[in-house]
Amino acid sequence: MRQSQFEQRYRPQWERLETSLAALEARRRPNAAALTDFTADYQSLCHQLALARERGYSLALQDYLNDLMLRAHRQLYRYRTPLLPGLVAFFTGGFPRAVRHQWRWHLVSTLCFVLSAGLVWAMILHDPELVHTVVGPQQVAELEEMYHPDLRDVSGRDRQDDVMMFGYYIYNNIGIAFRTFAGGLLLGVGALVAMLFNGSFFGAAAGHLTLAGAAQPFFTFVIAHGAPELIAIFLAGGAGLRMGWAVLAPGSWRRVDALRRAATECLPVMYGVFALLVLAAFIEAFWSSRELAPQIKYGVGAACWALLVLYLLFAGRQRRRQGGPHGSE
Amino acid sequence: MRIDDQLHIDTPEGARLTLSLAGPLPRALAYGIDLAIRGLALALVAIPLMLFGRGGMGLYLVLLFLMEWFYPVLFEALWQGRTPGKRMMGLAVVHGNGAPLGFNGSLVRNLLRTADLFPMFYLTGFVVMLITRRAQRLGDLAADTLVIHTPPARPARPHQDGDSEAPDWPLSRDDQLVLLAFTDRGARLSAERQEELAALAYPELAPTAARAKLQRVARHVLGGA
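Those protein sequences? They're chains A and B, same order as listed.
With our numbering applied, the first sequence closes on residue 331, and no number is skipped along the way.
With our numbering applied, the second sequence closes on residue 289, and no number is skipped along the way.
This is the structure:
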């Protein structure tokens, strides 16, 4: 068949496909008849493209058909999952399961933070001057101003400040968590450094404020939002370490494939980290800043920690099946 | 071995997709355009928000966060794999098998942007792009995504009228392709260059005559008149 005959014969079909493609790409829903034709048109287009190549029709025609097929391919293989059921399933099971699946990495990351915090804290209690090796003089002054009973001024704080601090926590903390995760890709070093650094900073702040007699304002402030915030940072660090390890020791996989697998496993954790940090920012801006009796604040804070840990440990576990070879996952 | 930057993918339908990969330069330009758009949008929002004092400052910081991390994700996931900058540069992000980019893939490649940024100016990402076969940065490797040139919508070549003439030699498929390339690209060549090329086919004819004859033969192959 000559090219012009070929074009004449199939052009109406290509034009029909182009019309429905234009509608699909503009996210309009083409009418039902056009949609039933779409797959059939796409399939015959694939066939015609192969024919055009085999018979050596003009390159312009081949390009045209190739472009058309590329566009159709992108529309056909687009998939959308319903959002709301997905979200419910994620928070009732998917997220804690994803965390438990990589519990070793999250444990390592948590230990990095807790041990470095404990070490620096103990060192500062032993020798108060050591705080200056971890925290700059400017930051020491800021910490004292924020928490010291004699220095801080809470009378001027209002809704406006709450909103401003909320924005700041979102911007700063979620940014830190995301960067910690991405830093893990650099052979795990970025995540490790972030965990050690943040741990040391927390230890230094806690140690210094304890010595300065500001322990109560400090701990009543941080305990409630600390649960989602610190746990989210631990999880981001753990996910980052998992990524770095996939590159360092891919096992029987190719490095690229190991990395992809790790990314797929870490993605639900990072969604959860995001949600936890938004929650933390709400608590930090609108609850932690309230001036209430220390017992109430410690009580609420302890409840936050307990609930969150129980959630991550036990939510979404499947009941052991009777007689099955595999018990719980 | 071909040394162009085209990638061929065989789909389950048995057809072969040809994608052309985008290199560092167009991607950097697209990033620059996006950066300018983000900066402009933030500046425009910042002015009215200043009227709301510190509360407005908080909203601004939330926006800053969204712009920094979710601007590319939302655009790529909802707009056929293209941010405004990529659209202007004619680029799009797709999965490694040519399938369109979803929210998850876009989130992975954009979250890991920080690793590509290390230590500054996307140095890591740039080096990794040069090393990998499909010009992927670290985020692309983890998400299995590619940045490709999206072809501009091209109309099928207009039909050429004129008399035609059967070739006087048995035409192989390669000959056919050469002839067709000659007609497709002829318009962009000077008359002298066309004559020079035609003289290779018909060394015995005068250059102008050779060119006319070659065009007639090409029209015949194309199936004209």
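Ideal Cβ placement from N, Cα and C applies to all residues, glycine included.
Quick one: does residue i have its CB under 9 Å from some CB of chain A?
i      : result
B/A273 : no
B/G226 : no
B/P164 : yes
B/P88  : no
B/F190 : no
B/D248 : yes
B/A206 : yes
B/M184 : no
Beta-carbon of residue i versus every beta-carbon of chain B: anything under 9 Å?
i      : result
A/P14  : no
A/C1   : Limits of chain A in this structure are 3 at one end and 331 at the other, which puts residue 1 of chain A out of reach.
A/M195 : It is worth fixing the name first, because residue 195 of chain A is Val in this sequence and not Met. Not closer than 9 Å to any Cβ of chain B, the Cβ of A/V195 fails to qualify, so no.
A/A25  : no
A/S2   : Any property of residue 2 of chain A remains undetermined from this structure, which presents chain A solely from 3 to 331.
A/N68  : yes
A/S111 : no
A/D65  : yes
A/D163 : yes
Whole angstroms are fine: how far does the CA of residue j sit from the CA of residue i?
i      : j      : result
A/L269 : B/Q240 : 51 Å
A/R11  : A/A74  : 20 Å
A/I178 : B/I212 : 31 Å
A/D164 : A/A214 : 26 Å
A/G96  : A/A317 : 9 Å
A/Q140 : B/L205 : 41 Å
B/G145 : B/L85  : 14 Å
A/L188 : B/R173 : 15 Å
A/G205 : A/D129 : 13 Å
A/Y335 : A/L278 : Within the shown structure, residues of chain A are numbered from 3 to 331, placing residue 335 of chain A beyond reach of any answer.
B/L295 : B/E259 : For residue 295 of chain B there is no data in the structure shown, the boundaries of chain B being 65 and 289.
A/V249 : A/V311 : 30 Å
A/V90  : A/P84  : 11 Å
A/L53  : A/R256 : 37 Å
B/G87  : A/I225 : 49 Å
A/I172 : B/F139 : 21 Å
B/W143 : B/F167 : 11 Å
B/Y135 : B/F129 : 9 Å
A/I50  : B/V157 : In the sequence on display, residue 50 of chain A carries Gln and not Ile. If you take the alpha carbons of A/Q50 and B/V157, they lie about 26 Å apart.
Could you check where the alpha helix (DSSP H) with residue i kicks off and where it finishes?
i      : result
B/T196 : Here B/T196 belongs to no alpha helix (DSSP H), and DSSP marks it neither H nor E.
B/H159 : B/H159 -> not in any alpha helix (DSSP H); beta strand (DSSP E) instead, spanning 155 to 159.
B/H213 : It is not in any alpha helix (DSSP H) - B/H213 instead sits in the beta strand (DSSP E) that spans 209 to 213.
A/V133 : 133 to 136
B/N174 : 167 to 175
B/Y266 : From DSSP, B/Y266 is part of no alpha helix (DSSP H); its letter is neither H nor E.
A/Y300 : 296 to 316
B/D248 : 237 to 250
A/F221 : 217 to 250
A/Q2   : Because chain A is modelled from 3 through 331, residue 2 of chain A falls outside the range shown and cannot be assessed.
A/D259 : 257 to 288
Within the same chain, show all residues whose beta-carbon is closer than 6 Å to that of residue i, passing over the 5 residues directly before and after it, in chain order.
i      : result
A/E231 : A282
A/W307 : A229
B/L83  : L71, I212
B/D238 : none
B/A262 : A274, R275, L278
B/T247 : A282
A/H134 : none
Tell me the residue span of the beta strand (DSSP E) that contains residue i.
i      : result
B/R80  : 80 to 85
B/L138 : Careful: B/L138 lies outside any beta strand (DSSP E), inside the alpha helix (DSSP H) at 117 to 142.
B/I73  : 70 to 74
Among residues of its own chain, excluding the 5 on either side of residue i, which ones have a beta-carbon nearer than 8 Å to its beta-carbon?
i      : result
B/R314 : Residue numbering for chain B in the displayed model covers 65 to 289; residue 314 of chain B lies beyond these limits and cannot be assessed.
A/L243 : W107, V110, S111, G186, G190, A193, L194
A/G326 : Note that A/G326 scores a pLDDT of 44, beneath 50, so its modelled location is shaky; the value from the coordinates is reported in the next line. Correct list: empty, nothing qualifies.
A/R18  : A36, D39, D43
A/V137 : L145, F203, A206, A207, H210
A/Y300 : F221, T222, I225
B/T147 : A94, D98, Y135, P136, F139, E140
A/I285 : A226, H227, P230, C306
Which whole-angstrom value describes the C-beta separation of residue i and residue j, a residue pair presumed to lie in contact below a C-beta threshold of 8 Å?
i      : j      : result
A/L237 : A/G201 : Rounded, the Cβ-Cβ distance is 15 Å, inconsistent with contact.
B/L278 : B/A265 : 5 Å
A/M148 : A/A287 : Not confirmed; about 14 Å, so no contact.
B/P90  : B/M153 : 5 Å
A/L70  : A/W105 : Wrong, their Cβ atoms sit about 49 Å apart, outside the cutoff.
A/R181 : B/T178 : 5 Å
B/L176 : B/G203 : 4 Å
B/P112 : A/R80  : Wrong, their Cβ atoms sit about 37 Å apart, outside the cutoff.
A/F183 : A/A241 : 5 Å
Give me, in chain order, the residues of the same chain whose beta-carbon lies closer than 7 Å to that of residue i; leave out the 5 immediate sequence neighbours on both sides.
i      : result
A/A234 : A179, V275, L278, L279, A282
A/W247 : G190
Return no unless some Cβ of chain E is closer than 9 Å to the Cβ of residue i.
i      : result
B/V126 : The structure shown has no chain E; the protein chains it does contain are A and B.
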